[in-house]
Amino acid sequence: MSVQLRFFARRLLMLAATLLVASFVIFGSLYLAPGNPIAVLSGGRSLPPDAIKLLEHRYHLDEPFLTQYWIWLSNASHGDLGISITLREDVSLLIAQRAGSTAGLVLYAAILIMIFGVGLGLLGGLKPGWIDTSVIVTSAISAALPAFVAAIVLIAVFSVGLGWFPSLGSGQGLLDAVYHDTLPAIALAASSLAIVARVTRASVREEFGREHVQTAISRGIPYPALVRRHVLRNAAIPITTITGVTIASLIASAAVVERAFGLNGLGAYLVSAANSKDFAVVQGISLVLVLVFVIVNLVVDVLYSLIDPRISLGSRAQ
Amino acid sequence: MSTATIAVPTRRASAVWSALRETGPIGLASAAVIVVALLVTIFGPLIAPADPYLGQLSNSYVGPGPGAPLGYDGAGRDVLSRVLAGARTSMLGPFFVVILCLAAGTLLAVWTSWVRGTVDAVVSSVLDILFAFPGILLAILATAIFGKGLTAATFALAIAYTPYVARTLRGAALRERSLLYISALEVQGASAWAICFRHVIPNIVPLILAQATTLFGYAMVDLAAISFLSLGVQPPFPDWGVMISENLSGAVQGFPLAALSAGLCIVVVVISFSLLGQRLHENYEARR
Numbered sequence: 066m067s068v069q070l071r072f073f074a075r076r077l078l079m080l081a082a083t084l085l086v087a088s089f090v091i092f093g094s095l096y097l098a099p100g101n102p103i104a105v106l107s108g109g110r111s112l113p114p115d116a117i118k119l120l121e122h123r124y125h126l127d128e129p130f131l132t133q134y135w136i137w138l139s140n141a142s143h144g145d146l147g148i149s150i151t152l153r154e155d156v157s158l159l160i161a162q163r164a165g166s167t168a169g170l171v172l173y174a175a176i177l178i179m180i181f182g183v184g185l186g187l188l189g190g191l192k193p194g195w196i197d198t199s200v201i202v203t204s205a206i207s208a209a210l211p212a213f214v215a216a217i218v219l220i221a222v223f224s225v226g227l228g229w230f231p232s233l234g235s236g237q238g239l240l241d242a243v244y245h246d247t248l249p250a251i252a253l254a255a256s257s258l259a260i261v262a263r264v265t266r267a268s269v270r271e272e273f274g275r276e277h278v279q280t281a282i283s284r285g286i287p288y289p290a291l292v293r294r295h296v297l298r299n300a301a302i303p304i305t306t307i308t309g310v311t312i313a314s315l316i317a318s319a320a321v322v323e324r325a326f327g328l329n330g331l332g333a334y335l336v337s338a339a340n341s342k343d344f345a346v347v348q349g350i351s352l353v354l355v356l357v358f359v360i361v362n363l364v365v366d367v368l369y370s371l372i373d374p375r376i377s378l379g380s381r382a383q
Numbered sequence: 164m165s166t167a168t169i170a171v172p173t174r175r176a177s178a179v180w181s182a183l184r185e186t187g188p189i190g191l192a193s194a195a196v197i198v199v200a201l202l203v204t205i206f207g208p209l210i211a212p213a214d215p216y217l218g219q220l221s222n223s224y225v226g227p228g229p230g231a232p233l234g235y236d237g238a239g240r241d242v243l244s245r246v247l248a249g250a251r252t253s254m255l256g257p258f259f260v261v262i263l264c265l266a267a268g269t270l271l272a273v274w275t276s277w278v279r280g281t282v283d284a285v286v287s288s289v290l291d292i293l294f295a296f297p298g299i300l301l302a303i304l305a306t307a308i309f310g311k312g313l314t315a316a317t318f319a320l321a322i323a324y325t326p327y328v329a330r331t332l333r334g335a336a337l338r339e340r341s342l343l344y345i346s347a348l349e350v351q352g353a354s355a356w357a358i359c360f361r362h363v364i365p366n367i368v369p370l371i372l373a374q375a376t377t378l379f380g381y382a383m384v385d386l387a388a389i390s391f392l393s394l395g396v397q398p399p400f401p402d403w404g405v406m407i408s409e410n411l412s413g414a415v416q417g418f419p420l421a422a423l424s425a426g427l428c429i430v431v432v433v434i435s436f437s438l439l440g441q442r443l444h445e446n447y448e449a450r451r
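Shown next as structure tokens:
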């Protein structure tokens, strides 16, 4: 087996272990939650013992904890996440209805981060002087903007002030959806974009100071080739790391942006389910979010080993 | 000849002050902002010009005027008074998060770096798995289980941040453990307990301090987000996250000042903590 294959196999094994533990934590913590599930199901009314028996049997509440966990996990692996207590519908269906909205938002924000975060960082790193200074100042301000503050500023300026973008809701059709998602995506991307720009700038600068780049300059290698072959290829590792990590973190913070802009996505639904103690939904969405989070991290790891084959030989780059 | 004495590098509480002095003008300015924020945390409700709970609906979203430099919120309450009174939960929440995750992270880091072997491997992989939970997600889960409020969110964030603290400090503790003076103390018969608490931990205090400062900013943003999602501090209690949530509809209607005032407080405090944390970290790295 080649080294790279072994590296992927190890990463996949770790992913499986992480998911198993995460699912156990998600199920176990809600199992321990105070409150009687039967009381929630009956809406507080007292039920005859027969009905309680029936409900306990249907929801496997009469089984021991580990059996319940196993039933839940094997159902979840088939895509069956149980039934929402408040909406009386399949959790998988409810999640599927909202996943597209969140995926679109996160994807939009991720594209903004990759284009403008990396782009600004390269600009600052390659062009010292006033361009670099303005990149530093812009990213310092934007890094400190939490999504909910960025949302207020964007709504006040571009929606209410200039009237360029809508402040609420999602659109119909692709173009309209992109139009409606523009302000939310900027709010979601703002602070991550600045972090990516900062790291990109720093790593480009660092590579320029390296001996092999100085040697390449003295050998008279033309500037574009120098940047492409000697600076960017080496700076690509930290840039990929920080981009991957920040994009993965967007998955959870999308909830804030969805609440601010009244979008009907997974995050907003998770919050309302937590509010109404709809545990099947909370478990289902948490599981999906952790799954996506872990997969994004895996993709970043695979990208590493493609960029720098040495990594699959040793430990993960930091 | 007297018994052999070994120069043991220890830094005590005065380390905090000398570390602060070395952060330069930006670090000191950030520290000054933080001190002001702490003073407002203590005295905020006392210096608030008006009652932060009592509003007049006729004042709803009325702009700045005499007696109300920041205007009124949607319920006609004085925004300045609510911002001043809201410092308490907004600052104390992150404070407890930082205390909890630093205590847990430091103990884990020193313990695993001391015993190494299987324990270290097991704890490290458990912490790796904890990384799969974004802090906000864990906090939302916690509020679903234990009910809405600051307490559940605080504990959940502390758990979510512990892996970061433990990983950073473990490296420093491992480096410290490999130093000669530790072996010398072991040879002299000092107990592991005494070496860890009297020597290893005091010597990584600068790094712990840098971590605390940086994490405070993160915790403040995450807790405000939880309150913004109406799962943390509950209205009408004044809190900066709650204020943004309460006045979101005002911003949509063209009255953003009430929400922005609270938002600006968060941004200023977070910038100060992150700048100071960066400086402290750079100084620690430079001294290594």
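Protein chains in written order, with our numbering: chain U, 66 to 383; chain L, 164 to 451.
All C-beta atoms in this analysis are idealised placements derived from N, C-alpha and C, irrespective of residue type, glycine included.
Please read these numbers as outputs of a predicted model, since none were measured by experiment.
Residue i - partner residues in DSSP beta bridges
{"i": "Tyr324(L)", "result": "None, per the DSSP bridge assignment."}
{"i": "Asp155(U)", "result": "Ile148(U)"}
{"i": "Ala231(L)", "result": "Gly228(L)"}
Candidates the options, of which the one nearest residue i by Cα
{"i": "Pro215(L)", "options": "Ala449(L), Ala315(L), Pro369(L) and Arg245(L)", "result": "Arg245(L)"}
{"i": "Ala238(L)", "options": "Val430(L), Leu313(L) and Val225(L)", "result": "Val225(L)"}
{"i": "Gln374(L)", "options": "Ser437(L), Ile308(L), Val278(L) and Val431(L)", "result": "Ser437(L)"}
{"i": "His444(L)", "options": "Leu378(L), Phe418(L) and Glu409(L)", "result": "Leu378(L)"}
{"i": "Ala174(U)", "options": "Phe89(U), Ala338(U) and Leu258(U)", "result": "Leu258(U)"}
{"i": "Ala213(L)", "options": "Ala319(L), Asp236(L) and Leu411(L)", "result": "Asp236(L)"}
{"i": "Leu253(U)", "options": "Leu297(U), Leu146(U), Ile176(U) and Gly186(U)", "result": "Ile176(U)"}
{"i": "Ile312(U)", "options": "Leu84(U), Leu78(U) and Val183(U)", "result": "Val183(U)"}
{"i": "Ala300(U)", "options": "Glu323(U), Arg76(U), Val261(U) and Ile196(U)", "result": "Val261(U)"}
{"i": "Leu116(L)", "options": "Val289(L), Thr317(L), Ala284(L) and Ser287(L)", "result": "Chain L is shown from 164 up to 451; residue 116(L) falls before or after that span and cannot be answered."}
{"i": "Ala422(L)", "options": "Ala387(L), Ser354(L), Leu348(L) and Val282(L)", "result": "Ala387(L)"}
{"i": "Ile316(U)", "options": "Leu368(U), Ala333(U) and Thr305(U)", "result": "Ala333(U)"}
{"i": "Leu220(L)", "options": "Gly207(L), Val396(L) and Asp241(L)", "result": "Asp241(L)"}
Cross-chain neighbours of residue i in chain L, by beta carbon under 8 Å
{"i": "Leu210(U)", "result": "Val430"}
{"i": "Ser318(U)", "result": "Pro297, Ile299 and Ala388"}
{"i": "Ile220(U)", "result": "Ala414, Val415 and Pro419"}
Close-in-space but distant-in-sequence residues of the same chain around residue i (CB under 6 Å, 5 per side omitted)
{"i": "Ala272(L)", "result": "Ala329, Leu332, Arg333 and Ala336"}
{"i": "Gln383(U)", "result": "Bear in mind that the predicted position of Gln383(U) carries a pLDDT of just 37, short of 50, making it unreliable; the figure below should be weighed with that in mind. Cβ within range, chain order: n/a, list empty."}
{"i": "His388(U)", "result": "What is shown of chain U runs 66 to 383, which leaves residue 388(U) out entirely."}
{"i": "Val355(U)", "result": "Ala87"}
{"i": "Leu263(L)", "result": "Ala321"}
{"i": "Ser435(L)", "result": "Ser193, Val196 and Ile197"}
{"i": "Ala281(U)", "result": "Leu291 and His295"}
Residue range of the unbroken alpha helix (DSSP H) whose run includes residue i
{"i": "Cys264(L)", "result": "Val242 to Val278"}
{"i": "His122(U)", "result": "Pro114 to Arg123"}
{"i": "Asn362(U)", "result": "Phe344 to Ile372"}
{"i": "Ala192(L)", "result": "Gly187 to Ile210"}
{"i": "Gln351(L)", "result": "Leu343 to Gln351"}
{"i": "Gly218(L)", "result": "Looking at the DSSP string, Gly218(L) is not in any alpha helix (DSSP H), and its letter there is neither H nor E."}
{"i": "Gly298(L)", "result": "Gly298 to Phe309"}
{"i": "Gly413(L)", "result": "Leu411 to Val415"}
{"i": "Asp197(U)", "result": "Trp195 to Ala208"}
{"i": "Asn299(U)", "result": "Arg298 to Ala325"}
{"i": "Cys428(L)", "result": "Leu420 to Arg450"}
{"i": "Ala388(L)", "result": "Val368 to Phe391"}
The ligand MG heavy atom lying under 6 Å from the CB of residue i
{"i": "Val355(U)", "result": "Questions concerning the ligand MG fall outside what the structure shown contains, since it holds no ligand whatsoever."}
Under 8 Å from the C-beta of residue i: neighbouring residues of chain U
{"i": "Ile210(L)", "result": "Ordered by position in chain U, no residue passes the 8 Å Cβ test against Ile210(L), which lies about 24 Å from the chain."}
{"i": "Leu394(L)", "result": "Val336, Ala339 and Asn340"}
{"i": "Ala422(L)", "result": "Ile217"}
Cut-off 8 Å between Cβ atoms - residues of its own chain near residue i, not counting five sequence neighbours on either side
{"i": "Pro232(L)", "result": "Leu243"}
{"i": "Ser165(L)", "result": "Its pLDDT being 47, under 50, Ser165(L) is placed unreliably by the model, and the measurement read from it follows with that caveat. Cβ within range, chain order: n/a, list empty."}
{"i": "Tyr96(U)", "result": "Phe130, Gln133 and Tyr134"}
{"i": "Leu119(L)", "result": "Any property of residue 119(L) remains undetermined from this structure, which presents chain L solely from 164 to 451."}
Under 7 Å by beta carbon: chain L residues contacting residue i
{"i": "Ser351(U)", "result": "Leu300 and Leu304"}
{"i": "Val86(U)", "result": "Ile292"}
{"i": "Ala325(U)", "result": "Leu411"}
{"i": "Ser314(U)", "result": "Pro297"}
{"i": "Phe261(U)", "result": "It should be pointed out that residue 261(U) corresponds to Val in this sequence rather than to Phe. Within 7 Å Cβ-Cβ: nothing; Val261(U) doesn't reach chain L, min ~16 Å."}
Cβ shell of residue i (< 7 Å), same chain only, five flanking positions each side left out
{"i": "Trp229(U)", "result": "Phe223"}
{"i": "Ser166(U)", "result": "Ser235, Leu328, Asn329 and Gly330"}
{"i": "Leu187(U)", "result": "Thr265 and Val269"}
{"i": "Gly144(U)", "result": "Ser157"}
{"i": "Ala200(L)", "result": "Ala250, Met254 and Val432"}
{"i": "Ala216(U)", "result": "Ala252, Val322, Ala325 and Phe326"}
{"i": "Trp277(L)", "result": "Arg340, Ala355 and Cys359"}
Within chain U, partners of residue i - CB distance below 7 Å
{"i": "Ala315(L)", "result": "Residues of chain U passing the Cβ test: none, with the nearest at roughly 10 Å."}
Per-residue contacts from residue i into chain U (C-beta, under 9 Å)
{"i": "Ser437(L)", "result": "Ala208 and Ala209"}
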